[in-house]
Structures are given as structure tokens and as C-alpha cells.
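Read the structure below first, then the notes.
Numbering (full-length UniProt numbering), first residue to last: 1 to 353.
Below, the structure is given as C-alpha cells:
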């Protein structure tokens, strides 16, 4: 299974959303300002009364020909599944919920931080797992290639950060905070706004890494669940069957739900024999299904009743032997076509068994 959304693409989207630059060439053009003069009563009429409480001075426009590159505060981008921020939080902080498949949440965040440091060709100079803190060596948050093409290719500044992980007592939620601890630059002075932008940028890079690593973990979990592991093989009696490395009980518990999502109606489940009986009817699709991408998978079998025998294999896996309503095993050619159709359905719709 391919992971098509690259980490570089996710980072580029974050950069575009965190206020990395604002065009200001026309920001101080006089047409963008309008100063209203006080109301002038016509001759012979009294000046209208004006409450001094709400009286405002007439604005004066000062045309400064030097354009200033004003930048908004950066924002923490919660692209990772289960990540969120607290409204009004002034620090560069993000919260992670413990997603399915993550054994140790703070360890997962810890590994994401180190992966970012490795990518930046730097390392931690101080770290304490008990306190959940990582202090980094020098590295550059904004590389020259991240800027516009007319900017200098030299590094403007370097920074060191302190990342702090705080896990809740229930170990289902943890926060990650990024704090700038040192800064050096020959041309760009450090301002409070620049510090905020650098801290958020450093934090967002870890969030992107967390997201990337968790997507990889999801792929591995799906493989273990049998999402893309159905292969042609034989059961212990030599009949053509679909074979998976999944455990027998895991497959038997989930396979009926998988069939229902592929236009089967479950008739009977015999747990003692490992036999599932189901009726199949080809799905009826419409033009709207193709427009919205909701086409139902059509299997290469005729409408009717089928029996699926779920059995253990000698190597510890599970076999799925398909039979018609009379108990006759389907031909190897039909089984091969069925295997390909089921595999496509699993990949396209993300169905777990």
C-alpha cells in the first residue's frame, strides 16, 4: 500500500498557512485610506449636535514609501489525527490524543522529535525522559529554499529549542510545547513576533512528523488486520481458498461484517463449524454513485447463496474456502478473480477484516 501524501507536501501546506509571508507592495497606497471630514451644515442651518463621548479625530494619512513586511502570528496546524490546541493558548503548544495502535503516547512523540532533529542534521544536547524534555543543538528552521526565489540563499539565523512533553495521568493525552532557548543571526534581530513564529514553526514540524509516522503505523495495522493480505492458496484439504496470516478468531469475528459491506446478506453463522452462509446480490449503481465516488464493488460471482468455510492452516494462518449453495467448492479460476476483486475493494474503501 502506498503512502501517497508525502511529509514534504504536508510541511509545505503548513508553511503556507502559518503566515510565512505577506505581499505588501500596495499596502500603503493612498487609495486604501479614507479620511472623513466633519459634517458641514449648509449656510443658514445649525451645526448638528455631536456627543463628545463619541467624537473622533479626523484621520491623518502619512504616506510611507517604504513597504513594511508585516507578518501575522503563526498558528499551530493540527494536521495529525487526534491533535488539537486550546483556544487562547499563547504558547507554542499542541495536544495529542492516544490513537489506536499507539502503545506509549509520550514515546511516540519523543521519537517524532528525534526524527525531526535527524532530518535537520542536528541532535539533542540535553534530554530527560522522566521530565519529558529535549533541548536541541543549533539548526535552522527556515532554510533558504523555503523563501521566495529572489531572496538570499544564505541562512538568516539558527536556533536552539526546548521541547517539553507533559502526559496526563490517564496516559491518553499528552501535550508538546516548543520554546526558543537560544538564537543567533548576523542580520535579523530577534523580536517577540519572530520568536513566536519560530517556536510554532518548530512545533509544526514535529506535528507533521507525528502525522507521517502515525499514517505509516496505520498501514502496518491494516496489513496485520488482513486489509491487503488476502492471497490465493489452498486450505488443509487441498481446495482453492483465500489465505491470510491473520489469526482464525480475528478473521471469523470480522469477516461477516466485511461481507455485509460488499452486498452480502448474512443468513447463518455456525461458530462450531466455522461456516458463514450468506446471500449475494450484485449492487445497483447509478450515475450519482460514479460522480461522488461511491461505486460499490461488484464481485465476479453470480447472485445467490454462498458458504464460506473459515479454517485454520497448518502454519497458523486462516483459509477462506468459498462454496456454492450445494456445498461445491468454487473453481480455482473463479477464486482467483474473486481474490483480485476483494483485494481491490479492501484497498479502495479501506475496509478492515
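Ideal Cβ placement from N, Cα and C applies to all residues, glycine included.
The model shown is predicted, which means the values in this text are computed figures rather than measured ones.
- Pairing residue 174 with residue 105 gives a Cβ-Cβ distance under 8 Å.
- Beta-bridge partners of residue 174 (DSSP): 96 and 167.
- For residue 246 and residue 275, the gap between their C-alpha atoms comes out near 17 Å.
- Here residue 51 is exposed: its Cβ has fewer than 16 other Cβ atoms, across all protein chains shown, within 10 Å.
- Per DSSP, reduced to three states, the secondary structure at residue 196 is helical.
- Beta bridge pairing from DSSP links residue 241 with 233.
- Taking a 10 Å sphere around the C-beta of residue 161, we find 16 or more other C-beta atoms and assign the residue as buried.
- The residue among 102, 269 and 298 with its C-alpha nearest the C-alpha of residue 280 is 298.
- Setting aside the 5 residues that flank it on each side, residue 184 is surrounded in the same chain by 157 and 158, each with a C-beta closer than 7 Å to its C-beta; the list follows chain order.
- Around residue 84, the same chain offers 78 and 95 as residues with beta carbons nearer than 7 Å, after the five sequence neighbours per side are excluded.
- With 16 or more neighbouring CB atoms inside 10 Å of its own CB, residue 241 falls in the buried class.
- The criterion of a C-beta distance shorter than 8 Å is satisfied by residue 135 and residue 126.
- Taken in chain order, the unbroken stretches of alpha helix (DSSP H) that lie wholly in the stretch 71-145 and span 4 residues or more are 105-119.
- Of the other Cβ atoms in all chains shown, fewer than 16 fall within 10 Å of the Cβ of residue 56; this residue is therefore exposed.
- In this structure residue 300 touches residue 338 by the C-beta definition: roughly 6 Å separates them, less than 8 Å.
- Residue 194 and residue 216 have their C-alpha atoms roughly 33 Å apart.
- The Cβ-Cβ distance between residue 138 and residue 122 falls below 8 Å.
- No residue range can be given for residue 261, since it is assigned to no alpha helix (DSSP H) and is classified by DSSP as neither H nor E.
- Between the alpha carbons of residue 255 and residue 312 lies a gap of roughly 14 Å.
- Judged by beta-carbon spacing, residue 318 lies within the 8 Å limit of residue 244, meaning their Cβ atoms are closer than that value.
- Closest in alpha carbon position to residue 133, among 218, 141, 113 and 168, is 113.
- Here residue 171 is exposed. Its C-beta has fewer than 16 other C-beta atoms within 10 Å.
- Beta-bridge partners assigned by DSSP to residue 308: 276 and 322.
- In the structure shown, residue 331 adopts coil according to DSSP, grouped into three states.
- Straight through space, the alpha carbons of residue 177 and residue 306 are spaced by roughly 56 Å.
- Using a 10 angstroms sphere on the CB of residue 237, the tally of other CB atoms stays under 16, which defines it as exposed.
- Judged by beta-carbon spacing, residue 335 lies within the 8 Å limit of residue 232, meaning their Cβ atoms are closer than that value.
- In the structure shown, residue 219 falls within a helical segment according to DSSP collapsed to helix, strand and coil.
- The shortest C-alpha to C-alpha distance from residue 87 to any of 169, 97, 76 and 81 is the one to 76.
- Sequence-distant partners of residue 91 (beyond 5 residues in either direction) whose C-beta falls short of 7 Å from its own C-beta, in its chain, are 177.
- When the Cα atoms are used, residue 270 and residue 115 turn out to be separated by approximately 49 Å.
- Residue 253 and residue 259 have their C-alpha atoms some 12 Å from each other.
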